[in-house]
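Protein chains: 2
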Amino acid sequence: MTTMTKSKGAAALPLNTILAGDCIEMMNSLPENSIDLIFADPPYNLQLKGDLHRPDNSKVDAVDDAWDQFSSFAAYDRFTRDWLAAARRLLKPNGAIWVIGSYHNIFRVGASLQDAGFWILNDVVWRKSNPMPNFRGKRFTNAHETMIWASKSEGAKYTFNYEALKSLNEGVQMRSDWVLPICNGGERLKDDNGDKAHPTQKPESLLHRVLVGSTNPGDVVLDPFFGTGTTGAVAKMLGRDFIGIEREEAYRKVAQKRLDSIRKFDREALQVSASKRAEPRVPFGQLVERGMLRPGEELYSINGRFKAKVRADGTLVGKDVKGSIHQVGAAMEGAPSCNGWTYWAFKREGQIVPIDVLRQQIRAELAN
Amino acid sequence: MTTMTKSKGAAALPLNTILAGDCIEMMNSLPENSIDLIFADPPYNLQLKGDLHRPDNSKVDAVDDAWDQFSSFAAYDRFTRDWLAAARRLLKPNGAIWVIGSYHNIFRVGASLQDAGFWILNDVVWRKSNPMPNFRGKRFTNAHETMIWASKSEGAKYTFNYEALKSLNEGVQMRSDWVLPICNGGERLKDDNGDKAHPTQKPESLLHRVLVGSTNPGDVVLDPFFGTGTTGAVAKMLGRDFIGIEREEAYRKVAQKRLDSIRKFDREALQVSASKRAEPRVPFGQLVERGMLRPGEELYSINGRFKAKVRADGTLVGKDVKGSIHQVGAAMEGAPSCNGWTYWAFKREGQIVPIDVLRQQIRAELAN
DNA sequence: ACCTAAGGTGAATCTTGCT
DNA sequence: GAGCAAGATTCACCTTAGG
Chain A
1 MTTMTKSKGA
11 AALPLNTILA
21 GDCIEMMNSL
31 PENSIDLIFA
41 DPPYNLQLKG
51 DLHRPDNSKV
61 DAVDDAWDQF
71 SSFAAYDRFT
81 RDWLAAARRL
91 LKPNGAIWVI
101 GSYHNIFRVG
111 ASLQDAGFWI
121 LNDVVWRKSN
131 PMPNFRGKRF
141 TNAHETMIWA
151 SKSEGAKYTF
161 NYEALKSLNE
171 GVQMRSDWVL
181 PICNGGERLK
191 DDNGDKAHPT
201 QKPESLLHRV
211 LVGSTNPGDV
221 VLDPFFGTGT
231 TGAVAKMLGR
241 DFIGIEREEA
251 YRKVAQKRLD
261 SIRKFDREAL
271 QVSASKRAEP
281 RVPFGQLVER
291 GMLRPGEELY
301 SINGRFKAKV
311 RADGTLVGKD
321 VKGSIHQVGA
331 AMEGAPSCNG
341 WTYWAFKREG
351 QIVPIDVLRQ
361 QIRAELAN
Chain B
1 MTTMTKSKGA
11 AALPLNTILA
21 GDCIEMMNSL
31 PENSIDLIFA
41 DPPYNLQLKG
51 DLHRPDNSKV
61 DAVDDAWDQF
71 SSFAAYDRFT
81 RDWLAAARRL
91 LKPNGAIWVI
101 GSYHNIFRVG
111 ASLQDAGFWI
121 LNDVVWRKSN
131 PMPNFRGKRF
141 TNAHETMIWA
151 SKSEGAKYTF
161 NYEALKSLNE
171 GVQMRSDWVL
181 PICNGGERLK
191 DDNGDKAHPT
201 QKPESLLHRV
211 LVGSTNPGDV
221 VLDPFFGTGT
231 TGAVAKMLGR
241 DFIGIEREEA
251 YRKVAQKRLD
261 SIRKFDREAL
271 QVSASKRAEP
281 RVPFGQLVER
291 GMLRPGEELY
301 SINGRFKAKV
311 RADGTLVGKD
321 VKGSIHQVGA
331 AMEGAPSCNG
341 WTYWAFKREG
351 QIVPIDVLRQ
361 QIRAELAN
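Chains A and B are the protein sequences, given in the same order.
Here the first sequence stands for residues 1 to 368, where the numbers follow full-length UniProt numbering.
Here the second sequence stands for residues 1 to 368, where the numbers follow full-length UniProt numbering.
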């Protein structure tokens, strides 16, 4: 790969390098209207109070780095406005930006994007297939992050490789929710001690989809919060040029080593997200939520011997037992286990209908 | 259903009615600190430029109603701040709010929520199983909407029926991404012409999960943008009280008709699995007092590594430690904390039995 | 070599109630 | 309100060790 190609007027772009320093200063040192795509993974401004332990008493290794600390929402907003202004100056008129965040920061980022004149094209949800659970049972599992995709301004002719994404998605149009695993296993970079080199390394599969969808080969991709360089790594594989900016020496070192080992079009490395087409699990509770069965309605065992009543939370109550469709079926039969889906039925217009029919309906919908 | 019950000081709440008028004015006419939950589906501020046609040239019936028009982001922000302030005044200290939106408005709503002092608990993604495709192939299929769940302030004791949601989800904790179909078929209300009565009617399944998860029977739920009354309908079914506010006469009429036809589920069906925390507290000493365990008897850690002796006052003595079942367990494991109830076991007839079995016996007695 | 069991871990605003 | 003690609480992976 080449450094310092693609001159734009007097200045030149330091292609395929990692710039050391503050992202706003470094961006301001680059020529305006020179970048095709920006991917930004800014600090999330998590506000953690104390330690968190798992039920087995092991401690969660949380993101408590200094770079994620801001004194107030106002301070975070100032930072956001400043780096977005610098980013917007760099973008070509038909360039675009992606920003990723969580509920801690993404609403502020999104509003600032709009205020700065960016035009939101989609918000895209990264649904994590293996998120960390909520150990205390006080909230929903925080199972997704949000990305905002925006053009430099309204009416701009941004890049969108519709057909490529459709192919990636087995021939149907790509949706705004992407199911991808978090970065772990061999892809997760380790430091010399064997600990994770960066607390929030993003999976290459995510960047693969972003770059295939919104850049063309030869485009210049800037990542102002480069970290361990996932953006650069995927850009290199896909034949795009990148520029990274990273303040922390330790991250730059790991990223450079990573980049040096990557070859363009290393197909093997791209085989991360082949989809498994297992039958989706359908919770019985969905039949209740969706009104297919009514709370208070009676279910009948397929052998006609027992009945039980549906509750609003998708559990059953029978004589002396309550619990899941499986638990109540097992208890009534005195069996160690029972597949409630094939054991229970409901009545419609005098007919006895197995509840599994309703599950099949939902699965058919999901397949579309 | 009753109207005007639950007086709060001088004022009374117009329960289970639809108030006609501007939502901010109407909210300001209600007593402060009186509402348990607010569900709000405000205008999305869609900024549609022209007509959209499907590939077969049929015209998409878009949301272009007057109530969704704002002159600028600043105007939308003003409106948002104002209704959020009125909403926050109404909430009880431990109340909570849900707001639903799309990328057009949700970032502004989220930032305003945070600025107003609400404390975000989760952002929840409603992943539509049957969204409208992107006909032009210029963007990702807009296949989700975003809900923000927030308590009135940081540290508030909001309602979260963890076990009920877990039951709804087949025994695993509920995640922040919910896959549910959009509202159509028989559930979709039609006007006298057979057209959809409201452009953005929400599915009852969505409200079912919201209300089961974050309210209890008898709670008061306010929806300041009532529309055709999905919130009221599900609240009524689930035995919650509701208050709706709606400006448009046509929507109120449809909503009232809908509400009149709905019956509440029976009481048993509304019972929901409770968390252990809600069960009565049983001191370990009671097991000794009642002779279920004898002073001097040995307890064994569940992993078989440690043992300790029961004393007459309900404390344990082990090697070098004495104290509560929790303290001794934690000390032996070198852990910051330990739930002694699940950590210790005793022997009966050669069998190892967890002490929690004895606590459950006592709780079962207390329930009778 | 292959299978099973045990252990580790991930952007987390993660308790409640009594004294 | 601060301080302390009781006690409730996890899913989908991957790696490693052991059989």
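Beta carbons are placed, not taken as given, at the ideal position from N, Cα and C, and that holds for glycine.
- Around the C-beta of residue 212(B), 16 or more other C-beta atoms lie within 10 Å, and the residue is accordingly described as buried.
- Scanning the stretch 141 to 190 of chain B for uninterrupted alpha helix (DSSP H) segments of 4 residues or longer gives 162 to 168, listed from N- to C-terminal end.
- When 9 Å is used as the limit between beta carbons, residue 120(A) is near these residues of chain B: 103, 104, 107, in chain order.
- Residue 109(B) has its alpha-carbon roughly 25 Å from the corresponding atom of residue 61(B).
- Rounded to whole angstroms, the separation of the alpha carbons of residue 231(A) and residue 84(A) is 18 Å.
- Unbroken beta strand (DSSP E) runs of no fewer than 3 residues, entirely contained in the stretch 79 to 125 of chain A, are found at 91 to 101, following chain order.
- 125(A) is the residue among 347(A), 125(A), 289(A), 345(A) whose C-alpha sits nearest the C-alpha of residue 149(A).
- Buried is the label assigned to residue 244(B), since at least 16 other Cβ atoms lie within 10 Å of its Cβ.
- Between residue 122(A) and residue 139(B), the C-beta spacing is below 8 Å.
- In the structure shown, the three-state DSSP call for residue 17(A) is strand.
- Taking C-beta separations shorter than 8 Å and ignoring five residues to either side along the sequence, the partners of residue 262(B) in its chain run 233, 236, 237, following chain order.
- Shown here, residue 219(A) sits in coil according to DSSP, grouped into three states, outside any helix or strand.
- Between the stretch 264 to 277 of chain B and the stretch 315 to 330 of chain B, the count of Cβ pairs shorter than 8 Å is below three; the stretches do not touch.
- Taking each of 174(B), 264(B), 23(B), 215(B) in turn and checking the Cα distance to residue 285(A), the smallest one comes out for 174(B).
- Between the alpha carbons of residue 334(A) and residue 100(A) lies a gap of roughly 51 Å.
- Where residue 325(A) is concerned, there is no enclosing beta strand (DSSP E), although the alpha helix (DSSP H) around it starts and stops at 325 to 333.
- Collapsing the DSSP output to three states places residue 32(B) in coil.
- Taking 8 Å as the cut-off, the beta carbon of residue 39(A) is found closer than this to the beta carbon of residue 223(A).
- Excluding its 5 nearest sequence neighbours in each direction, residue 166(B) has C-beta neighbours in its own chain below 8 Å: 172, 173, 174, 273, listed in chain order.
- Pairing residue 117(B) with residue 136(B) gives a Cβ-Cβ distance that is not under 8 Å.
- Put simply, the backbone Cα of residue 56(A) is about 54 Å away from that of residue 155(A).
- In terms of beta-carbon proximity, residue 68(A) stays away from the interface with chain B, with every pair separated by 8 Å or more.
- DSSP places residue 209(A) within a helical segment (H, G or I) once states are collapsed to three.
- Exclusion of the five residues before and after residue 297(B) leaves 310 as the residues of its chain whose Cβ lies within less than 6 Å of its Cβ.
- Taking all protein chains in view, the Cβ of residue 48(A) is surrounded by fewer than 16 other Cβ atoms within 10 Å, so the residue is classified as exposed.
- Contact between residue 221(A) and residue 36(A) is confirmed by a C-beta separation of about 7 Å, below the 8 Å threshold.
- As computed with DSSP, residue 354(A) is found in a beta bridge with 345(A).
- Under the Cβ criterion of 8 Å, residue 93(B) is not counted among the residues facing chain A.
- For residue 236(A), the uninterrupted alpha helix (DSSP H) run begins and ends at 230 to 237, by DSSP.
- Among the residues of the stretch 187 to 210 of chain A, none has a Cβ less than 8 Å away from any Cβ of chain B.
- Against chain B, the CB of residue 333(A) has no partner CB under 8 Å away; the residue lies outside that interface.
- Chain order gives the chain A residues near residue 133(B) as 173, where near means a beta carbon separation below 8 Å.
- Here the C-alpha atom of residue 229(A) lies approximately 16 Å from the C-alpha atom of residue 14(A).
- Per DSSP, residue 77(A) has no beta-bridge partner at all.
- Boundaries of the beta strand (DSSP E) around residue 309(A): 307 to 310.
- About 7 Å separates the Cβ atoms of residue 34(B) and residue 92(B), confirming a contact at the 8 Å cut-off.
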